[in-house]
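A short worksheet on the structure shown next.
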Amino acid sequence: MKRLLGVCSLLLLIVVLTVKCKKDETVEIIPEVEEPKPLVTFDYAIPNPLKYQEVQFTATPQNYKSLLWQFGDDSTSVEVSPKHVYRFPGTYRVVLTIRNGQGYSATKEINLKVVDPNFDPTKYGENYMKTIGGIFSVNLEAGAGADSGEGSKKLVDQDINTKFLQAGFDGTQKCTFELKTPQVVGAYTLTSGNDAPDRDPRFWILQGSLDGIQYTDLHTVTVCPWENNDSSRKQTKLFHFDNYIAYKFYRLYIKSNRGSRVFQLAEWTINKKQP
């Protein structure tokens, strides 16, 4: 029994000393040194005006471990100062993001306009309705039919002295041209009718389609481009827009006019963007 008590006492002493030692131990915590915060800026230039779609970006990032360029056309780069070639003119949101080793980031972004220096907004190319040809149709026809004096065919007859007039206008007028072969359209014209300015279209969408079923909005106008007076009659307006897809179907969707229950339009053309 004395021996057992001695063993227990020894064990108890060991436990007490172990606990005491653990309490006396000091754990040294080394604080993490905070890295400098990242800073970023960049500039861009077009080295060769003849290659206006080729852009040289030059960045000056500081205190970073990684970086990422996003060029706005689904392309990216991890180079510090990359050269990027855009396939088409247009406006692109360019973003450069850098990060340091602790996850802090800095970002700079711009809206970059890639513009053809030879583009002339006063000019447009051939009228595909005339040169390529195709089938024209409307969802709401003139009361006397397509071949009547103010029937839908007058809208595409290349004569601004005739017009298409549809009574009972309800904001759902669709004029569709199916080309014989798909074409890239980048401009179109509309010519106002010969009377009653309140019949002029005010809000419309030009749309394109590959199959005549699914349509894509290509250009939208929400303010009537003609003056509300007699001097703006039989006046042609030109509209340019960005499009690089050869659609087979083009549709003019008239959603409202100036308030009349009658809709009129003298001429519509769909065109190549430039000569």
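Mapping the sequence shown onto this note's numbering, position 174 (from 1) lands on 927, and the numbers just tick up by one. Ideal placement from N, C-alpha and C gives every residue a C-beta, glycine not left out.
Are the CB atoms of N947 and A1019 nearer to each other than 8 Å?
Closer than 8 Å, so yes.
For the region 927–946 against the region 956–965, do three or more pairs of beta-carbon atoms, one drawn from each stretch, fall closer than 8 Å, so that the two count as touching?
A contact exists between the region 927–946 and the region 956–965.
Could you check where the beta strand (DSSP E) with Y845 kicks off and where it finishes?
Unbroken beta strand (DSSP E) run through Y845: 843–852.
Under DSSP, the alpha helix (DSSP H) around Y881 begins and ends at which residues?
Here the alpha helix (DSSP H) through Y881 covers 881–884.
Per DSSP, D796 forms a beta bridge with which residues?
T811, per the DSSP bridge assignment.
Using the DSSP secondary-structure output, state which residues sit across from F994 in a beta bridge.
Answer by DSSP bridge pairing: none, since F994 is not bridged.
Note down the Cα distance separating K861 from I998, rounded to an integer number of angstroms.
Each residue's alpha carbon lies about 31 Å from the other.
Which partner residues of Y1000 appear in the DSSP bridge assignment?
BP columns for Y1000 point to Q936.
Determine the direct distance from the alpha carbon of G825 to that of V847, and round the result to whole angstroms.
Spanning the two alpha carbons is a distance of roughly 5 Å.
If T884 sits next to I913, beta carbons under 8 Å apart, how far is it from one beta carbon to the other, in whole angstroms?
No, T884 and I913 are not in contact; Cβ-Cβ is about 18 Å, not under 8 Å.
Taking three-plus beta-carbon pairs below 8 Å as touching, is the region 988–995 in contact with the region 969–978?
Result yes; three or more Cβ-Cβ pairs closer than 8 Å.
Between the alpha carbons of P1078 and L918, how many angstroms are there, rounded?
There is no way to answer for residue 1078, as the model of the chain reaches only from 754 to 1028.
I'd like the list of long-range same chain contacts for P789, defined as Cβ closer than 8 Å, with 5 residues on each side in sequence excluded.
Around P789: Q815, N816, N853.
Return the chain-ordered list of same chain residues with a C-beta closer than 7 Å to the C-beta of D869, the five sequence neighbours on each side being excluded.
These residues qualify, in order along the chain: Y805, P842.
Does DSSP put S985 in a helix, a strand or coil?
If DSSP states are grouped into helix, strand and coil, S985 belongs with the helices.
Which residues does DSSP list as the beta-bridge partners of Y839?
DSSP, once it has assigned bridges, lists no residue as partnering Y839.
Could you give the DSSP three-state label for L893: helix, strand or coil?
Coil.
How many angstroms separate the CA atom of Q823 from the CA atom of L849?
Cα-Cα distance, rounded: 6 Å.
Hey, could you find the ends of the beta strand (DSSP E) I863 is sitting in?
Start and end: 858–867.
What does a CB cutoff of less than 6 Å around I958 pick up in its chain, not counting 5 residues either side in sequence?
Hits under 6 Å: D970, T973, Y1006.
Specify the secondary structure class of R955 as computed by DSSP and reduced to three states.
DSSP places R955 in strand when its eight states are reduced to three.
Could you tell me the distance, in whole angstroms, from the CA atom of T1022 to the CA atom of D873?
Roughly 18 Å separates the two Cα atoms.
If distances are taken between C-alpha atoms only, which option among Y877, A895, F922, K1008 comes closest to Q1027?
The shortest Cα separation from Q1027 among Y877, A895, F922, K1008 belongs to Y877.
Measuring CB to CB, does N892 end up less than 8 Å from T925?
Yes, the Cβ-Cβ distance between N892 and T925 is below 8 Å.
Using the three-state DSSP reduction, which class does K1025 fall into: helix, strand or coil?
Note: K1025 maps to coil in three-state DSSP.
Output needed for R986: all residues of its chain with C-beta closer than 8 Å, excluding positions within five of it in sequence on either side, in chain order.
These residues qualify, in order along the chain: S945, G946, N947, D948, P950.
On the DSSP bridge assignment, give the partners of N1010 in chain order.
P954, per the DSSP bridge assignment.
Terminal residues of the continuous beta strand (DSSP E) containing F917?
Per DSSP, F917 belongs to the beta strand (DSSP E) from 917–920.
Under three-state DSSP, which class holds L908?
Helix, per DSSP.
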